[in-house]
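Asks:
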Amino acid sequence: MTASAPGQRMQRDLFNCGGGILVVVVVVVVVVVVVDAAVEAVLVVVLVLLLLLLLVVVVVVVVIVVVVVVVVVVVVVVVVVVVVVVVVVIVVVVVVVVVVVVVVVVVVVIVVVKAVVVNLVIVYFQLV
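First residue of the sequence shown? That's 1 in the UniProt record's numbering, and the numbers climb one at a time after it.
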């Protein structure tokens, strides 16, 4: 009996503290479940905040791209208009210069021909 007494005593001690172990296990399980739920809630909030941040970044990038495209289009249109105006002005100036040169040449030719004809007539009448 002496050999079995310590074994029975150990069994009795384990049986008596079994309720305490159950409470500890329940508390640990509840704490783990609550912490898990809290971690999941925090992760969901962080995920939602990251998605909102991504949405803001996408909107900002789209706005920047649209603004850059509009600016490029406006610059291209302005450059094209300036080039067209410069070409038109150059063409008008060239046409005016050509017309003036032609008129001057015609007037000079007329004056020279008139002078030659008048001199020929004078010489003819002096000879006759």
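Using N, Cα and C, we set each Cβ at its ideal position, and we do this for glycine too. It should be emphasised that the depicted structure is a prediction, and the values quoted were computed from it without experimental measurement.
For residue 106 and residue 116, I'd like the C-alpha separation in whole angstroms.
Replies: Rounded to whole angstroms, residue 106 to residue 116 spans 15 angstroms at the Cα level.
Asks: Which of the three DSSP states is assigned to residue 128 in this structure?
Replies: Residue state, collapsed to three classes: coil.
Asks: Residue 49 CB to nearest chain C CB: under 8 angstroms?
Replies: Checking the listed chains, one finds no chain C in this structure; it contains a single protein chain.
Asks: Would you tell me roughly how many angstroms separate the C-alpha atoms of residue 63 and residue 57, rounded to the nearest one?
Replies: The straight-line gap from Cα to Cα measures roughly 10 angstroms.
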